[in-house]
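Colleague:
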Amino acid sequence: MIEKQKAVFLDRDGVLNKELGDYVCRVEDFKILEHNFKPLKELQERGYLLIVITNQGGLAKKWYTEEILMEMNRQLKETYEQQGISLSEIYYCNHHPEYNGKCLCRKPGSMMLEKAVARFNIDPSKSYFIGDRERDVLAGEAAGVKGILIDSDQPISEVLELIK
Ligand SMILES: [Mg+2]
Ligand SMILES: [Zn+2]
Numbered sequence: 060m061i062e063k064q065k066a067v068f069l070d071r072d073g074v075l076n077k078e079l080g081d082y083v084c085r086v087e088d089f090k091i092l093e094h095n096f097k098p099l100k101e102l103q104e105r106g107y108l109l110i111v112i113t114n115q116g117g118l119a120k121k122w123y124t125e126e127i128l129m130e131m132n133r134q135l136k137e138t139y140e141q142q143g144i145s146l147s148e149i150y151y152c153n154h155h156p157e158y159n160g161k162c163l164c165r166k167p168g169s170m171m172l173e174k175a176v177a178r179f180n181i182d183p184s185k186s187y188f189i190g191d192r193e194r195d196v197l198a199g200e201a202a203g204v205k206g207i208l209i210d211s212d213q214p215i216s217e218v219l220e221l222i223k
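Residue numbers (our numbering): 60 to 223.
#1: Please name the residue in D81, E157, R192 whose C-alpha comes closest to that of I112.
#2: Hey, could you find the ends of the beta strand (DSSP E) L69 is sitting in?
#3: Over what stretch of residues does the beta strand (DSSP E) that includes K121 continue unbroken?
#4: State the DSSP-derived secondary structure class of G206, mapped to helix, strand or coil.
#5: Going by C-alpha distance, which of A119, M171, I149, Q115 is nearest E157?
#6: Would a C-beta distance cut-off of 8 angstroms place G255 and D70 closer than the cut-off?
Structure below.
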């Protein structure tokens, strides 16, 4: 049997890029938080996969397009790649209950995590979810992953000791 992997799941807005108080709608407002390169590189070196899980209900509201989101995510992956850090996948939910109906993926739903767990053969009990909202922690816990709540834009280095 193939050995299971461990992962640190990451919310996007307020964790990997600057929180604006609402959806990031323009590529020029997408500011990557450079203070997290070092701690995330350390986690990668400790054997954790890094996987992004993000609610993008602004798509349902048509505040920005899927193409704009893809460009932000491409910049995120590329910038991390330049630091020698691989973001294995970026999962996003493009639903919003008041616009295009309920879904199972929007956090606090856990379907995006469960997809990642299946695809990357992850052991949830050895994995973590770092987010800046209660719903991130709830989504993690629903998938059997330990949740770590940070303040928006708080450096991950400050919670690194919680990850064994
Ligand atoms: Mg967030
Ligand atoms: Zn969804």
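Where is the CB? At the ideal position from N, CA and C, for every residue including glycine.
Modeller: To lay it out plainly:
#1: R192
#2: 65-69
#3: Per DSSP, K121 belongs to no beta strand (DSSP E) and is neither H nor E.
#4: strand
#5: A119
#6: In the structure as shown, the chain begins at 60 and stops at 223. Residue 255 is therefore absent and cannot be evaluated.
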